[in-house]
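Heads up: the structure comes next, in structure tokens.
Number of protein chains: 2
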Amino acid sequence: MDLFADRLSAAIALRDAPCAVGLDPRVDQLPRFTRQPATGRQRLDVDADAVVAWGRAVIEAVAPIVPAVKPQSAFYERLGADGYRALATTIRAAHEAGLLVILDVKRADIGSTAEAYAETALSADLLDADAVTIGHYFGTDGAAPFLRYLDAGKGIFVVTHSSNPSSVETQDVLLADGSSYYHSVAQLASEWGAGHLGAFGYSSVGAVVGGTFPGQVAELRAGFPALPFLIPGYGAQGAKPEDVAAGFGSTPGGAIVSASRSIYRLDDSQRNLSRDEFISIVTGRARDMADELASVSA
Amino acid sequence: MDLFADRLSAAIALRDAPCAVGLDPRVDQLPRFTRQPATGRQRLDVDADAVVAWGRAVIEAVAPIVPAVKPQSAFYERLGADGYRALATTIRAAHEAGLLVILDVKRADIGSTAEAYAETALSADLLDADAVTIGHYFGTDGAAPFLRYLDAGKGIFVVTHSSNPSSVETQDVLLADGSSYYHSVAQLASEWGAGHLGAFGYSSVGAVVGGTFPGQVAELRAGFPALPFLIPGYGAQGAKPEDVAAGFGSTPGGAIVSASRSIYRLDDSQRNLSRDEFISIVTGRARDMADELASVSA
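Protein sequences appear in the order of chains A and B.
So the number in our numbering is just where the residue sits in the first sequence, counting from 1, plus 67.
So the number in our numbering is just where the residue sits in the second sequence, counting from 1, plus 67.
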């Protein structure tokens, strides 16, 4: 299996689209076409079916345009056992559509526990995602069980600087050596991936860097040229093409920018759209994002 | 509903046992009595049934002795949809046995996502744990959705200093003001819980502090008298009564020490024990731990 770094770079280059669509299914915001009659069944079960129907429609809409989807585990877990099944089904559907799957779980724990998390997210007979987001706080022991999957073509993105306002409380803290804390997290991610550099110059271990902090994006790009960035915060959270532009390197795969709500959110007046109408809207928005980002990443 | 802080203090005082038993079910290490004939069923489904049978036995063994159990979500999630069901069933069984449930999930994300995680772990119609472990790295926005449950009697433990060796790489980093990074995490946890102080003097927001780092346990106890500690690392990971002694405050509820493998691990020669024999061994070990810890917490 090729390194994840190269699979990501090749998929971005093929589509000229350095971006992913996040799958954050909020059951109260799904379009009506996802709903089947619910006679006599459990609520979460019915919700999970609607989430799968929605995910299939989004995947159909974006697969010709973007290289990857990023399911947010929290919204699937919220539906309990049925949610897990919905997540597994959605990941399979994305793979069948030729998409890479970056599973956003942000797991972190001591090694023996992290091993179970890594297996669940990455092993072929469980969720089988192509890449997974993790937390850094347990250090090398905690990352090691995930890193074992790099040779199997899997990738890791370490949360380095998040997109939310209060990230600065914990991430921009100044260290004794004058650097910021997030810089030391990027340093760790860089070390963890050092043995897995691909042909495009990037590692299979990357960093999550919020597009809402353009200064940090640029600083980390300059400091860590081999770290691929997963950049959330685009669209609904406020990051614009010029905010993330500095995150791309000189070859494809330096950054993959992710948007969620801005791609598929509907007004109340649009909740009754047909499946085809929904797909057409989502395709159009994904294409706009891909074009905007391709123009700043060249 | 009483504050979690007071429910924890009262439960510890009642049993004179400042400790919890971790539930870390590894399917390949379960005693044979947990297994039913598996004709024609899915493997993970059968494994999940065994995990529930094991959890019920551990709960029956320890409920008369300790105030709480701490299920480790990773080992349940490893079993997929059936694992979620096993976790929910185990939490209900623990509540029926009168135990508090500290769900160890270490979730952390931006606010809109953390909301889904908080709801899954703490809301009454989902997992309904009494307390949950979280990561600090997203700052106040990321913690806020969990903190909303404090008024409903729920508790939060923020991972501050973990028990594993490489915790020092990321947690003991020296800041510009001369303090260690983990100290700033304890400071945040302390601020998040400031409005929820109970009658015993502790907050409903606590800190996870590994018992394998006695110096940090003592330092954080002195610096943050109102933070209750969840102290993992006891037993199999190496922490001894004298290592955690400094974590207890002057009233019950200052620390709850958690052990997992050392309470229920069996030698290969013990895998065929009957359920009653298993319960008797687990009860004995839990009582020994409770006695050891009561003697150093007085």
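Ideal placement from N, C-alpha and C gives every residue a C-beta, glycine not left out.
Ile346/A is the residue among Asp355/A, Val113/A, Ala115/A and Ile346/A whose C-alpha sits nearest the C-alpha of Ile126/A. For Pro138/B, the closest Cβ of chain A is not nearer than 8 Å. DSSP assignment within the segment 105-131 of chain B yields the following whole alpha helix (DSSP H) runs of 4 residues or more, N-terminal first: 110-129. Taking the CA atoms as reference points, Arg338/A sits about 31 Å from Asp83/A. Within the same chain, Cβ atoms closer than 8 Å to the Cβ of Trp259/B are found at Thr207, Ala210, Leu214, Ile223, Val225 and Val272, the five residues on either side in sequence being excluded. The beta carbon of Gln283/A sits no closer than 8 Å to any beta carbon of chain B.
Taking 9 Å as the Cβ-Cβ cut-off, the segment 231-265 of chain B approaches chain A at Asn231, Pro232, Ser233, Ser234, Val235, Glu236, Thr237, Gln238, Val240, Leu241, Leu242, Ala243, Asp244, Gly245, Tyr248, Ser251, Val252 and Leu255, given in chain order.
Sequence-ordered contacts of the segment 294-325 of chain A with chain B are nonexistent [C-beta pairs closer than 7 Å]. Annotated as distal: Thr237/A and Tyr249/B, with beta-carbon spacing of 8 Å or more. Asp343/A: member of the alpha helix (DSSP H) spanning Arg342 to Ser364, first to last residue.
Not flagged as an interface residue toward chain B: His162/A, since no C-beta distance is shorter than 8 Å. In terms of beta-carbon proximity, Ile177/A lines the interface with chain B, with at least one pair separated by less than 8 Å. The alpha-carbon of Leu167/A is positioned some 12 Å away from that of Pro85/A.
Chain B has no Cβ within less than 8 Å of the Cβ of Asp95/A. Annotation for Gly89/A: the continuous beta strand (DSSP E) segment containing it runs Cys86 to Leu90. Contact annotation: in the segment 175-203 of chain A, residues whose CB is within less than 7 Å of a CB in chain B are Ala175, Asp176, Ile177, Gly178, Thr180, Ala183, Tyr184, Glu186, Thr187, Leu193, Gly202 and His203. For the 8 Å CB-CB criterion, Leu75/B and Pro295/B form a contact.
For the segment 205-216 of chain B, the residues whose beta carbon sits under 7 Å from a beta carbon of chain A are, in order, Phe205, Gly206, Thr207, Asp208 and Gly209. Burial state of Gln283/B is buried, judged by a 10 Å Cβ sphere holding 16 or more other Cβ atoms.
The beta-carbon of Gly89/B is placed no less than 8 Å from the nearest beta-carbon of chain A. Look at Tyr216/B here: in three-state DSSP terms it is coil, with no helix or strand label. Below the 9 Å Cβ cutoff, chain B contributes Gly147 and Ala148 as neighbours of Arg152/A, in chain order. No Cβ-Cβ contact shorter than 8 Å links Ala183/B with Arg152/B.
By the Cβ-count criterion, Leu81/A is exposed, with fewer than 16 other Cβ atoms from all chains shown falling within 10 Å of its own Cβ. Going by DSSP, Ala72/B is part of the alpha helix (DSSP H) stretching over Phe71 to Arg82. Lys173/B belongs to the set of residues whose beta carbon lies under 8 Å from a beta carbon in chain A.
For Pro281/A, the three-state secondary structure derived from DSSP is helix.
Distance from the CA of Ala274/B to the CA of Gly165/A, rounded to the nearest whole angstrom, comes to 43 Å. Counting along the chain, Phe224/A sits inside the beta strand (DSSP E) bounded by residues Gly222 to His228. By the C-beta density criterion, Ala78/A is buried, having at least 16 other C-beta atoms within 10 angstroms.
With fewer than 16 other CB atoms across the displayed protein chains lying within 10 angstroms of its CB, Ser341/B is exposed. Between Val199/B and Leu170/B, the C-beta spacing is below 8 Å.
Setting aside the 5 residues that flank it on each side, Gly220/B is surrounded in the same chain by Met68, Asp69, Leu70, Phe71 and Arg74, each with a C-beta closer than 7 Å to its C-beta; the list follows chain order. Residue-level contact check: Ala141/B touches chain A, since one or more beta carbons of chain A fall below 8 Å from its beta carbon.
Cβ-Cβ distances below 6 Å link Arg288/A to Ala313 and Gly314 in the same chain, with the five nearest sequence neighbours on each side left out; the list follows chain order. Proximity of chain A to Val226/B at the Cβ level (cut-off 7 Å) is accounted for by Tyr204, in chain order.
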